[in-house]
Structures are given as C-alpha cells and as structure tokens.
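Numbering (our numbering), first residue to last: 101 to 242.
Note that CB positions come from ideal geometry on N, CA and C, so glycine has one too.
The structure presented is a predicted model; accordingly, all values stated were derived computationally and were not measured.
Below: one structure, written as structure tokens.
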C-alpha cells in the first residue's frame, strides 16, 4: 500500500509569523480567506480556520487589528486610536489621537477596560472623493 506524504504540522509560532508577514506585505486590509490563499501559495495548504485562530492570537498580542467595517485585518501599529476606512477603495488609515486616547484613560480610571478600539469612521479618501467629484452631474449627493 502506498501512502501519501502528510505535511508536518506547523508550530503556532511559524504560522503566526507567516500570517503576520502576509498582513504586513498585503498593502491593504485582508480577509482570512485572502490570507489563507496567500499562505497556501507560499507553503503547504493553510485553511481559513487556521488563519482565524492565528489572527485571534495576533490580536491578543496586539500584532493584528480587525477592521469591523470591512471584516478584514491589518497589522496593528504601536498606537492606533482612530481608523479611517474608505468605503469605496477600502483603504485604511490608522491614526494616533490624543483626544480618543483620553477616553481609554478615563475608562481605565473608572476600572473599565475598553475592548473595542480603535474607533472606526467610514467615508471617502481624497482620491475616491476626487473621482466622485468628477463623476457628479451636480444634482446628486453621496
């Protein structure tokens, strides 16, 4: 009887680095399915369930951030209080903001730990807004 070769199991640290590397190189927010597809191109098959578990670990370590509006993930910067999401191109800008950080500090002072951060705001980036402006006929609003 001939047996197919079974790929060796990857250690958590290996897949963590693989997923984080894909996020860092992604250039845009990526879904777990996008990450699984890119990981499978680089190495043996990676399934979305593995990616979701890995993303959960990376988020606990503050190395990845889920953009709720997009259902996608980006690498987590050292400080991000505000997440601006372009609803047209899905570009994301992560911004450190002292006023929003003070909300977290006020909550901590009241022994309340915020779990949903950063604040997300949807709109249009400058490039998408300019395209929209040139396509407008003057009578409609977005």
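Less than 7 angstroms divides the Cβ of residue 224 from the Cβ of residue 188. Sixteen is the threshold: when 16 or more other Cβ atoms of the shown chains lie within 10 Å of the Cβ of residue 218, as they do, the residue is buried.
Spanning the alpha carbons of residue 124 and residue 212 requires a straight line of approximately 31 angstroms. Taking the Cα positions, residue 227 is about 35 angstroms away from residue 115. Looking at the DSSP output, residue 219 sits in a beta bridge with 182. The beta carbon of residue 146 lies closer than 6 angstroms to those of 136, 139 and 140 in the same chain, with the five residues before and after it left out.
Taking the Cα positions, residue 203 is about 34 angstroms away from residue 232.
If the five residues before and after residue 178 are omitted, its C-beta is found closer than 6 angstroms to no C-beta atom of its own chain. As DSSP reads the structure, residue 164 sits in a beta bridge with 175. The beta carbon of residue 195 sits closer than 6 angstroms to those of 182, all from its chain and outside the five residues before and after it, given in chain order. Per DSSP, the continuous alpha helix (DSSP H) segment holding residue 119 begins and ends at 112-126. With a 10 Å radius around the Cβ and a threshold of 16 neighbouring Cβ atoms, residue 143 comes out exposed.
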